[in-house]
Amino acid sequence: MAQRTYDERIDELRKKQDQLKAQERDLKKRQSADERKKRTRRLIELGGIVESVLGRPTVDEDKIRFLNFLKRQETNGNFFTKAMNGKDQKSENNAED
Numbered sequence: 016m017a018q019r020t021y022d023e024r025i026d027e028l029r030k031k032q033d034q035l036k037a038q039e040r041d042l043k044k045r046q047s048a049d050e051r052k053k054r055t056r057r058l059i060e061l062g063g064i065v066e067s068v069l070g071r072p073t074v075d076e077d078k079i080r081f082l083n084f085l086k087r088q089e090t091n092g093n094f095f096t097k098a099m100n101g102k103d104q105k106s107e108n109n110a111e112d
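Residues are numbered in my numbering as their position in the sequence shown, beginning at 1, plus a constant of 15.
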């Protein structure tokens with residue numbers, strides 16, 4: 016059986032490296048695609064929640080109104096952030112007493 020030369024073995028390892036790098040790129044692409052799909056789903060669900068609370072479909076003007084409302088809530092005491100993080104005013108008031 017003929018022995019492979021060092022150069023042949025090095026070439027073989029380089030080919031394997033290239034294959035592994037290609038597999039890594041493919042996995043990263045799939046991961047990015049999955050993350051985009053999950054984010055899109057969350058955004059759609061949030062939009063559905065907003066429409067269900069409004070009781071009507073949203074229109075373009077609602078986006079700026081909603082944004083301004085959320086900003087006011089944050090400016091007035093981070094109410095939106097507190098609500099989203101599971102903190103309510105009652106538990107905070109009890110903690111202060």
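Here a beta-carbon is modelled for each residue, glycine too, at the ideal position from N, C-alpha and C.
- Judged by DSSP in its simplified three-state form, Val74 adopts coil rather than helix or strand.
- For Gly62, the uninterrupted alpha helix (DSSP H) segment begins and ends at 21-69.
- Remark: C-beta atoms of Phe95 and Leu85 approach each other more closely than 7 Å.
- Sequence-distant Cβ neighbours of Asp41 in its own chain, meaning closer than 6 Å and more than five residues away, do not exist here.
- A straight-line Cα-Cα distance of about 33 Å links Arg45 and Glu23.
- Contact check for Thr55 and Glu66: beta-carbon distance about 17 Å, past the 8 Å limit, so the pair fails to qualify.
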